[in-house]
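With my numbering applied, the sequence shown closes on residue 248, and no number is skipped along the way. Every residue, glycine too, gets a C-beta built ideally from N, C-alpha and C.
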Amino acid sequence: DRPTGKLTIYKPIIPGETYYIGADVAGGNQRSSIEQKGDWSVAQVLDGNGNQVAIFRGKPLPDQFAVILYHLGNMFNEAKIVVESNNSGLLTINKLYKDLGYTNVHFQIIDDKNQDIDTDTLGFRTTKKSKTTIINELRAKLRDGEIQLFDLVTIQELLTYIDKGNEKMGAENGCYDDCVIALALAN
Numbered sequence: 062d063r064p065t066g067k068l069t070i071y072k073p074i075i076p077g078e079t080y081y082i083g084a085d086v087a088g089g090n091q092r093s094s095i096e097q098k099g100d101w102s103v104a105q106v107l108d109g110n111g112n113q114v115a116i117f118r119g120k121p122l123p124d125q126f127a128v129i130l131y132h133l134g135n136m137f138n139e140a141k142i143v144v145e146s147n148n149s150g151l152l153t154i155n156k157l158y159k160d161l162g163y164t165n166v167h168f169q170i171i172d173d174k175n176q177d178i179d180t181d182t183l184g185f186r187t188t189k190k191s192k193t194t195i196i197n198e199l200r201a202k203l204r205d206g207e208i209q210l211f212d213l214v215t216i217q218e219l220l221t222y223i224d225k226g227n228e229k230m231g232a233e234n235g236c237y238d239d240c241v242i243a244l245a246l247a248n
């Protein structure tokens, strides 16, 4: 078996505590090898007070990541899980919810202006607008000291996360932003 990632727990799990997990899913074209280049699949775990209590960072395939999220959610008192549902994330959220039966997941309300109806969809669809919103909310909480971080990789990614102009945000060239996106989703 190849390793698919690493779980680091920074604070003990408290029975009855509410936890939130934000999950950024890497593309499905990578192998389960830590050494392979490419994005990471990241799950950030925050408690109800905004404390980072755990992080999973690895390179599992999207369906394997669903199983990891299932176990993480159960480990952290049936945590609310917010999975980015773009691209490979759609496979992850569908497996988590439909195949594994994990029901405490985020549904996003999509306003269909053409048909004048609202539709609930599994996961969190990232667009320019929604990404700007979650990043700005994260920035405000970090600035106001409402989130306590322990993970050095997350902190490094935050330091290299930039406004690229034209309403685009992301990691500087040669850097990653997977921990940042997962943190923004958990927030």
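query	result
For the region 134–198, which segments carrying the beta strand (DSSP E) assignment without a break, of at least 3 residues, lie completely within its bounds, in sequence order?	141–144, 168–173 and 178–183
Is the separation between the beta-carbon of Ala232 and that of Val106 shorter than 8 Å?	no
Please classify Gly83 as buried or exposed, where buried requires at least 16 neighbouring CB atoms within 10 angstroms.	buried
Along the alpha helix (DSSP H) that carries Ala104, what are the first and last residues, could you check?	Ala104 -> not in any alpha helix (DSSP H); beta strand (DSSP E) instead, spanning Ser102 to Asp108.
Note the first and the last residue of the continuous alpha helix (DSSP H) segment covering Gln217.	Leu213 to Leu220
Could you check the C-alpha separation between Ile74 and Asn112 for me, to the nearest Å?	12 Å
Please list, in chain order, all residues of the same chain as Lys156 whose beta carbon is under 6 Å from its beta carbon, the five residues on each side excluded.	Asp124 and Ala127
If we count the other Cβ atoms within 10 Å of its Cβ and call it buried at 16 or more, is Asp238 buried or exposed?	buried
What three-state label does DSSP hand Ser94 in the structure shown?	Per-residue confidence for Ser94 stands at a pLDDT of 46, beneath the threshold of 50, marking its modelled position as unreliable; the derived number appears in the next sentence. Ser94 falls in the coil class under three-state DSSP.
Pick helix, strand or coil for Lys67, following the three-state DSSP scheme.	strand
Keeping to the same chain, check which residues put their C-beta closer than 7 Å to that of Val214; ignore five residues upstream and five downstream.	Arg118 and Cys240
Looking at the structure shown, is Lys120 part of a helix, part of a strand, or coil, going by DSSP?	coil
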